[in-house]
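These notes concern the structure reproduced below.
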Amino acid sequence: MVTPWPRRETWPSPIREHATCLSSFLHEVLHCIERTGTQSLPADLVGDIIRGSLTFVLKMQHTPDLTSISDALRIGQTEAKATAEHTAHTLEQIKTELKNNTEGIHQATTKIQQGSNTAEEARAAAKEATEVGRTTLEMTREIKNKKAQEPANVQ
């Protein structure tokens, strides 16, 4: 009785699917070899095995090396983390400086307000002093005028 050997006409394009099909195919062939014992393999079956293996090897050779991509991603991740930490530190410094500046501005505003109040008080005092000065001047003029009129009246 002739052994029904597994056949594989075409191989799938995706590399993982190809690997799965090749593995299953070789597993079936191995079981057939174990069942038949010393019976030789048909040439077309050996050709299928070689074609499947060769196309798989060629696909593997043309598959990009993902190690370099992985390394580049790892480096990028490390740099991004360092940049994020530096940015967070810088933002914290800016926040502290803004807080200090806000306190300084508040103190300066308070001093300006106090100075403005003092200036307003000084202006009011100066106005009052001016009024007192005018009143005094008027009183002095009145006194002079009265003195100037008294000797004229006495004669």
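Under the working numbering, the first residue of the sequence shown is numbered 1, with each subsequent residue one higher.
C-beta: ideal position from N, C-alpha, C; glycine also.
Please read these numbers as outputs of a predicted model, since none were measured by experiment.
Stretch pair the region 54-63 + the region 10-28: three plus CB contacts closer than 8 Å: yes
Straight-line gap, R141 to R134 (C-alpha atoms, nearest Å): On the sequence shown, position 141 is the one that residue 141 refers to. On the sequence shown, position 134 is the one that residue 134 refers to. Whole-angstrom Cα-Cα distance: 10 Å.
Environment of D48 [buried if 16+ CB atoms lie within 10 Å]: In the sequence shown, the residue the question calls residue 48 occupies position 48. So D48 ends up on the buried side.
Distance CB(V29)-CB(L45) smaller than 8 Å: Counted from its first residue, the sequence shown places residue 29 at position 29. Counted from its first residue, the sequence shown places residue 45 at position 45. Yes; because the gap between Cβ atoms is below 8 Å, this pair is in contact.
Cα-Cα separation between A82 and T90, rounded to whole angstroms: For the purposes of this step, residue 82 is identified with residue 82 of the sequence shown, where counting begins at 1. For the purposes of this step, residue 90 is identified with residue 90 of the sequence shown, where counting begins at 1. A82 and T90 have their C-alpha atoms some 12 Å from each other.
Endpoints, the alpha helix (DSSP H) within which D65 is located: Residue 65 sits at position 65 when you count from the first residue of the sequence shown. No alpha helix (DSSP H) holds D65; DSSP gives it neither H nor E.
Three-way DSSP call (helix, strand, coil) for T78 in this model: The sequence position of residue 78 within the sequence shown is 78, counting from 1. The three-state reading of DSSP puts T78 in helix, counting H, G and I together.
Simplified DSSP assignment, three categories, for G37: Position 37 of the sequence shown, counting from 1, holds the residue named residue 37. Three-state result, G37: coil.
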